[in-house]
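Each residue of the sequence shown is one higher than the one before, counting from 28 in this note's numbering.
Idealized CB from N, CA, C, for every residue including glycine.
Because the structure is a prediction, the values reported are computed rather than measured.
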Amino acid sequence: MRASLLAGWLAAACCGWPAAQARAAAADSADAARDCARIDQVVECLSWIETRSSGTGDADYLGRVERHAGDETRVEIDNGGQRLEVLLLGNGRRFVKGAAPGPMPEDPAAYVGLVAAPPLLWLGMLLDRDARWPAPGASLERTASTDWAYGQEQYRVRIQAEPDASYAVEIVKTATVTRPEPAQAPDPSGQFATLSTSEDRAARLAELAPVGMRIAARVRLQPPSAPLPDDFSLQGWTPGKGAPAATLGEARRTPR
Numbered sequence: 028m029r030a031s032l033l034a035g036w037l038a039a040a041c042c043g044w045p046a047a048q049a050r051a052a053a054a055d056s057a058d059a060a061r062d063c064a065r066i067d068q069v070v071e072c073l074s075w076i077e078t079r080s081s082g083t084g085d086a087d088y089l090g091r092v093e094r095h096a097g098d099e100t101r102v103e104i105d106n107g108g109q110r111l112e113v114l115l116l117g118n119g120r121r122f123v124k125g126a127a128p129g130p131m132p133e134d135p136a137a138y139v140g141l142v143a144a145p146p147l148l149w150l151g152m153l154l155d156r157d158a159r160w161p162a163p164g165a166s167l168e169r170t171a172s173t174d175w176a177y178g179q180e181q182y183r184v185r186i187q188a189e190p191d192a193s194y195a196v197e198i199v200k201t202a203t204v205t206r207p208e209p210a211q212a213p214d215p216s217g218q219f220a221t222l223s224t225s226e227d228r229a230a231r232l233a234e235l236a237p238v239g240m241r242i243a244a245r246v247r248l249q250p251p252s253a254p255l256p257d258d259f260s261l262q263g264w265t266p267g268k269g270a271p272a273a274t275l276g277e278a279r280r281t282p283r
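This is how it looks when you write it as structure tokens:
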């Protein structure tokens, strides 16, 4: 995951795709209760999520989002040593620590979509739509494949229900399968050039994730975590708007 990709995700989040998705889901939940046992509703139901990716050919990535009581969200992202932390408070204030590679979204749901995107995109492609989190002590294991222009990519998915009520998710690419190139029909007349897909095939192959790519995540569902303490230091944190604050308690008492 390159820094440019992280910047692209921030731009997408700022422009609203994860936030809009979350708002649409929230609107749907007004008509029907959330089913937090369904994996595809994790964005609406999670308390925290931590995502790691490695073996992608880019910098290793670590992202974490934790929702706290009081409608507060803490975000931590480490993209190959480029660190970014964000605090979003219930009174609308936002504090940032580190250098952001792009515009910062205001909506906490955007950050949830940003950090949760790597595992959720793959789970959405590799699991059935109605797949559910495993029961306590149990696991869910699947092998699945996705098509590419000249064959298939094969993956292994494992979700383990942990004793602390979280779920450990692992997605590993196990193989790239390439269909044999069909033999070209001879052209005795010489009127037509023989077409070859070898260059296009090589270019498409270079775009795929390498075998051994691994995405791991830890997920815990509702309820939210306990509030961060009032004496949490904001030294080194930059306010998005409004005056700086020495502690989180001070920031909570000062609307933007």
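For V102, name the three-state secondary structure that DSSP assigns.
For V102, the secondary structure class from DSSP, reduced to helix, strand or coil, is strand.
Closest Cα partner of G267 within the set L116, C63, R61 and A188:
Per the Cα distances, L116.
Measuring only the C-alpha atoms, how far is L235 from A202?
11 Å
Buried/exposed call for E99, threshold 16 Cβ in 10 Å
buried
Alpha carbon to alpha carbon, how far is S252 from A57? Give it in angstroms, no decimals.
Because A57 sits at a pLDDT of 39, beneath the cut-off of 50, its placement in the model cannot be relied upon, and the point is left open.
If you compare alpha carbons, which of D227, T170 and S193 is closest to A176?
D227
Would the region 72 to 81 count as touching the region 89 to 96 if we require 3 or more Cβ pairs under 8 Å?
yes
Under 9 Å between the Cβ atoms of P163 and A188?
yes
On the DSSP bridge list, what partners appear for G125?
L111
Looking at the strands, I want to know which residues DSSP matches up with A243.
R79 and E197
Tell me whether L275 is buried or exposed, calling it buried when 16 or more other Cβ atoms sit within 10 Å of its Cβ.
buried
So for D157, helix, strand or coil by DSSP?
coil
Just verifying my parser: in three-state terms, what is the DSSP assignment at P163?
coil
What does a CB cutoff of less than 7 Å around P146 pick up in its chain, not counting 5 residues either side in sequence?
T78, V196, I198, I242 and A244
Helix, strand or coil at Q68 according to DSSP, with G and I counted as helix
In the structure shown, Q68 sits in a helix (DSSP, three-state: H, G or I).
I believe R283 touches G269 by the beta-carbon criterion, under 8 Å. Please report the beta-carbon distance rounded to the nearest angstrom.
4 Å
If contacts are defined as beta-carbon pairs under 8 Å, then A171 and V184 qualify, I think. What distance do you get, rounded to the angstrom?
6 Å
From which residue to which residue does the beta strand (DSSP E) around A188 run?
For A188, the enclosing beta strand (DSSP E) begins and ends at G178 to A188.
Nearest candidate by alpha-carbon position, reference A126, set T205, A96, R120 and N106
That would be N106, whose Cα lies nearest to the Cα of A126.
Counting along the chain, where does the alpha helix (DSSP H) carrying E277 start and finish?
That run of the alpha helix (DSSP H) goes L275 to R280.
I need the boundaries of the beta strand (DSSP E) containing E93, first residue and last residue.
In the DSSP annotation of this structure, the continuous segment of the beta strand (DSSP E) that includes E93 starts and ends at Y88 to H95.
Whose C-alpha, out of R121, R110 and D157, is nearest the C-alpha of L67?
Note that residue 67 is Asp in the sequence shown here, rather than Leu. When only C-alpha atoms are compared, the closest one is D157.
Tell me whether the beta-carbon of R65 lies closer than 9 Å to the beta-carbon of R159.
Contact annotation: R65 and R159 have beta-carbon atoms nearer than 9 Å.
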